[in-house]
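Scroll down for the structure; my scribbles are underneath it.
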Amino acid sequence: MPKTINSTDMAEIDLVDQRVELPVVVGTENERAIDISVLRERTGVITLDEGYRNTGSVRSEITFINGEEGILRYRGIPIEQLAERSSFIETALLLIYGELPTEEHLAHFRGLLTEHEMIHEGMRNSFMGYPPSGHPMAILSSMINTLSCYNTDVMEMEDEAGFENAAARLMSKIRTVAAYAYKTSMGQPLMYPHPELSYCRNFLHLMFSLPSRIHEPDPDVVRALSLFLLLHADHEQNCSTSTVRMVGSSGANLFASCAAGVCALWGPLHGGANVAVMEQLDRIHKSGMKVEELIERVKQRKEKLYGFGHGVYRSYDPRAQILREHAPKVLSQLGRTDPLLKIAQELEEIALHDDYFIGRNLYPNVDFYSGILLRAIGIPMNMYTVMFAIGRMPGWIAHWKEVRDTGSRIYRPRQIYTGPPKRDYVDLQWR
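Quick note: the sequence shown uses numbering that gives the first Met the number 0, first residue 0, plus one each step.
Right, dumping it as structure tokens:
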């Protein structure tokens with residue numbers, strides 16, 4: 000069970016006809032919560048929190064966020080340190096196992112990723128059944144579920160080696176499936192993974208190589224991709240992660256649970272926000288609209304400014320801060336310019352000094368600059384949410400493992416029924 004600080008504090012809740020005392024739970028960062036586990040049993044009353052914005056559904060050791068101060072830590076390590084010194088694969092192991100891997104463990108896991116980078120030929124051939132117009136996220140969610148059919152030998156996970164094998168297969172094969180989803184949308188032939196390439200470079204090979212031409216990405220592009228994936232690796236109890244945990248609590252296998260996470264991530268309010276940012280920036284660029292004009296339209300509620308504000312952060316999203324610094328560097332290293340970056344920087348500069356945005360705690364979030372970084376890497380816009388899914392996979396795996404290891408009960412929220420009261424059935428001829 001994840002650790003909590005022992006507390007003797009009790010919270011008193013006054014109801015209409017009774018008073019109940021409930022324990023106060025304190026986290027390692029002094030977060031406090033009222034444990035209402037016995038509230039219904041003692042009083043017959045439940046709590047109502049639509050959207051769960053004020054509800055802690057779990058005690059977790061994986062990721063800590065302080066939205067007021069703009070803090071994000073994976074297993075206690077600040078995201079800034081990981082972005083500067085770590086890699087996506089090393090960070091993935093940190094999330095999944097709770098500690099930074101040794102040199103031997105890191106090499107072993109990389110070997111597993113290489114060993115399992117291919118998918119079954121039967122599964123590979125099934126990509127031909129999808130139309131080129133099919134959205135890559137639709138293909139991705141379907142194919143991750145299909146992995147359950149081709150990896151039955153690791154479904155039981157009787158020991159830690161079995162779990163690690165399953166986790167490595169899922170992390171390795173998702174990039175292959177993602178690249179094949181893109182190739183299908185382009186009507187291009189599917190490429191086989193190359194065993195001598197790193198995780199990120201192999202993905203770019205699968206995406207952009209052709210039988211007639213092997214793609215050789217710039218090393219700066221490979222590093223930028225690793226950074227993007229690392230920054231998206233986990234973000235505690237968001238919509239898709241909570242979905243993975245809920246599905247996993249039923250005993251569903253790792254592949255099925257993560258496929259459900261992909262479906263949740265597909266929603267435009269969750270994983271598709273950076274697409275909306277890029278479309279807005281592109282529209283400003285093509286129309287010649289002044290940035291100040293857009294700001295005024297936003298303040299008049301005639302338009303929404305995408306990439307600003309967050310459900311958790313009330314200050315600058317630390318991931319956005321890192322992307323803000325790296326996106327221009329990557330473009331400079333590649334000898335490129337992007338007019339959308341300049342527009343984004345102008346928007347940010349005005350918004351950060353405008354009382355309208357300051358008073359509403361509207362600061363750039365991770366989506367504001369992530370699309371610009373992906374564009375610099377060469378990733379097409381219809382793949383942006385897919386890239387989010389690849390990055391988030393270690394977090395989903397870590398949370399699925401935590402549900403399994405802690406013996407979590409099946410998730411089963413309550414509701415307040417607001418439909419019609421009891422009424423009688425009416426025969427068809429009298430309706």
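Even for Gly, the Cβ is constructed at its ideal location relative to N, Cα and C.
Put residue i into one of helix, strand or coil per three-state DSSP.
{"i": "residue 150", "result": "coil"}
{"i": "residue 322", "result": "helix"}
{"i": "residue 31", "result": "strand"}
{"i": "residue 167", "result": "helix"}
{"i": "residue 351", "result": "coil"}
{"i": "residue 201", "result": "helix"}
{"i": "residue 209", "result": "strand"}
{"i": "residue 251", "result": "coil"}
{"i": "residue 232", "result": "coil"}
{"i": "residue 52", "result": "coil"}
{"i": "residue 183", "result": "helix"}
{"i": "residue 237", "result": "coil"}
{"i": "residue 141", "result": "helix"}
{"i": "residue 265", "result": "coil"}
{"i": "residue 414", "result": "coil"}
{"i": "residue 218", "result": "helix"}
{"i": "residue 224", "result": "helix"}
{"i": "residue 42", "result": "helix"}
{"i": "residue 36", "result": "coil"}
{"i": "residue 427", "result": "helix"}
{"i": "residue 159", "result": "helix"}
{"i": "residue 176", "result": "helix"}
{"i": "residue 68", "result": "coil"}
Bridge partners for residue i per DSSP, in chain order?
{"i": "residue 10", "result": "21"}
{"i": "residue 62", "result": "73"}
{"i": "residue 363", "result": "307"}
Would you say residue i and residue j are within 7 Å of each other, going by their C-beta atoms?
{"i": "residue 108", "j": "residue 225", "result": "no"}
{"i": "residue 431", "j": "residue 376", "result": "Residue coverage of the chain in this structure runs from 0 to 430, which leaves residue 431 outside it and unanswerable."}
{"i": "residue 62", "j": "residue 233", "result": "yes"}
{"i": "residue 76", "j": "residue 392", "result": "no"}
{"i": "residue 257", "j": "residue 143", "result": "yes"}
{"i": "residue 386", "j": "residue 252", "result": "no"}
{"i": "residue 20", "j": "residue 30", "result": "no"}
{"i": "residue 248", "j": "residue 396", "result": "no"}
{"i": "residue 305", "j": "residue 344", "result": "no"}
{"i": "residue 381", "j": "residue 216", "result": "no"}
{"i": "residue 326", "j": "residue 367", "result": "no"}
{"i": "residue 246", "j": "residue 263", "result": "no"}
{"i": "residue 308", "j": "residue 361", "result": "yes"}
{"i": "residue 132", "j": "residue 261", "result": "no"}
{"i": "residue 329", "j": "residue 223", "result": "yes"}
{"i": "residue 342", "j": "residue 294", "result": "no"}
{"i": "residue 33", "j": "residue 39", "result": "no"}
{"i": "residue 126", "j": "residue 179", "result": "yes"}
{"i": "residue 364", "j": "residue 316", "result": "yes"}
{"i": "residue 14", "j": "residue 415", "result": "no"}
{"i": "residue 81", "j": "residue 394", "result": "no"}
{"i": "residue 346", "j": "residue 290", "result": "yes"}
{"i": "residue 100", "j": "residue 92", "result": "yes"}
{"i": "residue 383", "j": "residue 273", "result": "yes"}
{"i": "residue 255", "j": "residue 147", "result": "yes"}
Kindly indicate if chain C contains any beta-carbon less than 7 Å away from that of residue i.
{"i": "residue 48", "result": "The question asks about chain C, but that chain is absent: this structure has only one protein chain."}
Contact between the stretch 204-216 and the stretch 160-171 is defined here as three or more beta-carbon pairs at a separation below 8 Å; is this criterion met? no
Using 8 Å as the Cβ pair cut-off and three pairs as the minimum, do the stretch 242-252 and the stretch 365-383 touch?
-> no
> Should the stretch 351-364 be called in touch with the stretch 102-117, which here means at least 3 C-beta pairs below 8 Å?
Replying inline: no
Quiz item: Does the stretch 300-313 come close enough to the stretch 66-73 that 3 or more CB-CB pairs lie under 8 Å?
Solution: yes
_Length-filtered (4 minimum) alpha helix (DSSP H) runs lying within the stretch 269-345_ = 272-286, 290-298, 317-332
Is there contact here, the stretch 173-192 with the stretch 208-216, by at least three beta-carbon pairs under 8 Å? yes
* Asked: What residue ranges within the stretch 82-138 form continuous alpha helix (DSSP H) runs of no fewer than 4 residues, ordered along the chain?
  -> 87-96, 102-114, 120-124
| field | Any alpha helix (DSSP H) of 4 or more consecutive residues that is wholly inside the stretch 368-409 | value | 383-404
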